[in-house]
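In the numbering used here, the protein residues as written are 29 to 312. For glycine and all other residues, C-beta sits at the position ideal for the given N, C-alpha and C. Because the structure is a prediction, the values reported are computed rather than measured. Contents: one structure, followed by commentary.
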Amino acid sequence: MRRIALTTLLSLMGGCSATQAADSKDAATTAATTTAESTATSTAKAATTPVTTDAATACNLLGTQQSRVACAANAVLATLTSTQLATANLKISDYTNRSKWNNLPVQMKPRAGIRLDALSTESKAAVADLMTIALSAEGHSVMNGILKSDDYLSTMQGGYGSSLYSLAIFGTPSETGDFEVMFGGHHMAYNLNFVGGEFYPVPQHLGAEPKEAFTFEGETYSPLTDLGDSTFAVYAALDATQRTAAYLSGQTFSDVVVNPDLDYGKGAGRGSKAAYPTGANRRG
Numbered sequence: 029m030r031r032i033a034l035t036t037l038l039s040l041m042g043g044c045s046a047t048q049a050a051d052s053k054d055a056a057t058t059a060a061t062t063t064a065e066s067t068a069t070s071t072a073k074a075a076t077t078p079v080t081t082d083a084a085t086a087c088n089l090l091g092t093q094q095s096r097v098a099c100a101a102n103a104v105l106a107t108l109t110s111t112q113l114a115t116a117n118l119k120i121s122d123y124t125n126r127s128k129w130n131n132l133p134v135q136m137k138p139r140a141g142i143r144l145d146a147l148s149t150e151s152k153a154a155v156a157d158l159m160t161i162a163l164s165a166e167g168h169s170v171m172n173g174i175l176k177s178d179d180y181l182s183t184m185q186g187g188y189g190s191s192l193y194s195l196a197i198f199g200t201p202s203e204t205g206d207f208e209v210m211f212g213g214h215h216m217a218y219n220l221n222f223v224g225g226e227f228y229p230v231p232q233h234l235g236a237e238p239k240e241a242f243t244f245e246g247e248t249y250s251p252l253t254d255l256g257d258s259t260f261a262v263y264a265a266l267d268a269t270q271r272t273a274a275y276l277s278g279q280t281f282s283d284v285v286v287n288p289d290l291d292y293g294k295g296a297g298r299g300s301k302a303a304y305p306t307g308a309n310r311r312g
């Protein structure tokens, strides 16, 4: 069964000159137009999915994204038992568990936090509302499609299904303090960080299997299909010379610095805030 993962194309285009990049403009523009048209449809569908609890409705009325997400995260925590809280609400300094995001099935890579199949109906509704509030309409549509794709896989083999996805909340959610909402499972890793009043939704990994559209419980889903088609269109638009220039010889997936299961806060080569350039002439 084929699958698709959403990745960055900087390495692909980085070796192209301005002239070479222009040569692929028509195909890339066509792909982008197709993506935009389909995105409008998926966004409209997602926008019709409201929150389902009174607590989340109240959270949605707050003025900032951080205040809304913090409110919804606290609403989730309020539904948990003390035992569940010990598993789901972890310290913001727990870098070991904060690095436990992955794209692999959960039986191969257990996640931090608490699984959905361990939650009550009330808690599951609160988690669903939290992610609805945290993501854009388009983002929610993609997330829902990925969850449904895993439910689809579960009809063919064990070890899959949206009930196996996990939620972890690091720190104390508040309007001003630092905290993280981690939600994920097979082909999904959302790490929604609020630091210093800013929102950093990284690291993030999204993928889908099957690659093609599929029908599950009477609904048709195609998460990431348009983005995947755009990626392949850009690649197909490059001639042999351009592909040679774009290919990073000797580079492998093992060269990715920010992998899962790394202790991001420590170790040589991880960088720091002080390492970033500052001033009017900074480059990044």
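With a contact defined as Cβ atoms closer than 8 Å, ASP157 and THR107 miss out at about 11 Å. MET159 counts as buried, since at least 16 other C-beta atoms from the protein chains shown sit within 10 angstroms of its C-beta.
Judged by beta-carbon spacing, ILE197 lies within the 8 Å limit of ALA101, meaning their Cβ atoms are closer than that value. Here the alpha carbon of LEU234 sits roughly 30 Å from the alpha carbon of THR111.
The bridge partners DSSP lists for VAL223 are GLU226. The beta carbon of ASP179 lies closer than 7 Å to those of GLY189, SER190 and PHE244 in the same chain, with the five residues before and after it left out.
Going by C-alpha positions, PRO133 is about 16 Å away from MET171. Sorting LEU90, ARG96 and PRO138 by C-alpha distance to the C-alpha of ALA217 places PRO138 at the top. Under the rule that a run must span 4 or more residues, the alpha helix (DSSP H) segments found entirely inside the region 132-193 read 149-162 and 165-182. A Cβ-Cβ distance of about 25 Å is found for the pair PRO288 and LYS152, leaving them out of contact under the 8 Å criterion. Contact check for VAL97 and LEU220: beta-carbon distance about 7 Å, within the 8 Å limit, so the pair qualifies.
The alpha-carbon separation between GLY213 and GLY167 amounts to approximately 16 Å. For LEU266, the secondary structure class from DSSP, reduced to helix, strand or coil, is coil. When secondary structure is reduced to three states using DSSP, ASN88 falls in the coil class, being assigned neither helix nor strand. Around the beta carbon of PRO78, fewer than 16 other beta carbons lie within 10 angstroms, which makes this residue exposed. Excluding sequence positions up to five before and after THR115, its CB lies within less than 6 Å of the CB of ILE142, all in the same chain and listed in chain order. Classified as buried, THR259 has 16 or more neighbouring CB atoms from the shown chains inside 10 Å of its CB.
The three-state reading of DSSP puts LEU113 in helix, counting H, G and I together.
Among the bridge pairs identified by DSSP, VAL97 is matched with none. Rounded to whole angstroms, the gap between the alpha carbons of ALA103 and SER164 is 19 Å. Taking TYR193 as reference, the option from SER250, ARG271, LEU113 and ASP145 with the minimal CA-CA separation is ASP145.
Residue environment: ASP267 is assigned as exposed (fewer than 16 neighbouring CB atoms within 10 Å of its CB, all protein chains considered). For TYR123, there is no enclosing beta strand (DSSP E); the residue is found in the alpha helix (DSSP H) stretching over 123-126. Beta-bridge partners assigned by DSSP to GLN232: TYR218.
The Cβ-Cβ distance between GLN94 and GLU203 falls below 8 Å. Between GLU226 and GLY91, the alpha-carbon positions lie close to 14 Å from each other. According to DSSP, LEU195 shares a beta bridge with ILE142 and PHE211. PHE222 and ASP206 have their C-alpha atoms roughly 5 Å apart.
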